[in-house]
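Residue numbers (the numbering used here): 118 to 421.
Ideal Cβ placement from N, Cα and C applies to all residues, glycine included.
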């Protein structure tokens, strides 16, 4: 702590006391709008005491900057100084109490103003939320209709593909039958009949190829579905949801085993839970990848 030699030059106390008249007038003005708390009313009547509070610990402030603790007696003296300083600056100390008394009227007034504006704003916000809900519901319904039409179109394409595949298979069977008949006619010496049958078989093969093209086209051609008319300002966002934490950890562990740490950030440690475990096990904490850390703090008893 730096040495303090001139308490009167502390800017915060000096700034407050130099504006004391203005602050008192402001508090009294607020008192006409809201009911002042007793401590705030007293502050408005008697004035600020922050400089006098600092004056009471001026010696302690001077000593603390050069204090050397090298004996039990000096430790006791340092503890006493710390207690008097805490009495002034702690959360429940004199300076803080006066600060709260000073700002409470302004906070109360702000609260009243916010309450006055909050009710109509909340009403409008609730109506707006209802309109947004209806817009999003409409968009969701349009997506459902579009998905339903796409599913119907996909089913129709699959049906066309199956029918084309069936016709292809039948054309191939017919072609094979004609080839068999042509071979039989040729064996019987009827070359003209055999040639005619082979010509018919060739036509069936071409027909089978055409049906095969129809089937492939049906399976890989996306039907045109009219786009949904989304409302302006509507945006979509994808998020991930953990459905099986153990499976996720096992997958990341398998990746780590192969040297891949790309998903390790998904397993951020919960500091609160780790601290609780360390508090229970203390120096006995032996969890791989962690270590126990001991930190000391000082609780100072306020002394008047």
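Helix, strand or coil for residue i per DSSP?
i	result
residue 361	coil
residue 151	coil
residue 179	helix
residue 164	coil
residue 369	helix
residue 330	helix
residue 378	coil
residue 437	The requested residue 437 does not occur in the structure, where the chain is confined to residues 118 to 421.
residue 185	coil
residue 141	helix
residue 315	helix
residue 354	coil
residue 170	helix
residue 419	coil
residue 125	Here the model assigns residue 125 a pLDDT of 44, short of 50, so the residue's position is not dependable, and the following value carries that caveat. Of the three classes helix, strand and coil, the one that applies to residue 125 here is helix, per DSSP.
residue 401	helix
residue 323	helix
residue 157	helix
Note down the Cα distance separating residue i from residue j, rounded to an integer number of angstroms.
i	j	result
residue 348	residue 242	19 Å
residue 178	residue 205	11 Å
residue 264	residue 256	12 Å
residue 186	residue 195	7 Å
residue 207	residue 390	30 Å
residue 211	residue 155	16 Å
residue 143	residue 184	42 Å
residue 376	residue 370	10 Å
residue 303	residue 294	14 Å
residue 228	residue 176	40 Å
residue 353	residue 397	45 Å
residue 226	residue 239	20 Å
residue 198	residue 213	18 Å
residue 288	residue 306	27 Å
residue 406	residue 384	13 Å
residue 372	residue 378	7 Å
residue 267	residue 364	33 Å
residue 223	residue 414	35 Å
residue 221	residue 180	34 Å
residue 362	residue 386	14 Å
Contact defined as beta carbons within less than 8 Å: I believe residue i pairs with residue j. What is the distance between those atoms, to the nearest angstrom?
i	j	result
residue 160	residue 215	7 Å
residue 137	residue 165	5 Å
residue 200	residue 417	6 Å
residue 174	residue 192	That pair is no contact at about 19 Å.
residue 314	residue 298	5 Å
residue 332	residue 272	So it is not a contact: roughly 15 Å between Cβ atoms.
residue 296	residue 318	5 Å
residue 219	residue 158	That belief does not hold up - the Cβ atoms of residue 219 and residue 158 are roughly 12 Å apart, past 8 Å.
residue 328	residue 284	4 Å
residue 335	residue 278	4 Å
residue 292	residue 322	5 Å
residue 394	residue 381	Wrong, their Cβ atoms sit about 20 Å apart, outside the cutoff.
What are the boundary residues of the alpha helix (DSSP H) that includes residue i?
i	result
residue 405	Taken as a continuous stretch (DSSP letters only), residue 405 belongs to no alpha helix (DSSP H), as it is neither H nor E.
residue 304	211-304
residue 409	Where residue 409 is concerned, there is no enclosing alpha helix (DSSP H), given that its DSSP letter is neither H nor E.
residue 307	Where residue 307 is concerned, there is no enclosing alpha helix (DSSP H), given that its DSSP letter is neither H nor E.
residue 200	189-206
residue 389	388-398
Answer yes or no: does any C-beta atom of chain B fall closer than 8 Å to that of residue i?
i	result
residue 311	Judged by its chain identifiers, the structure shown contains no chain B, having just a single protein chain.
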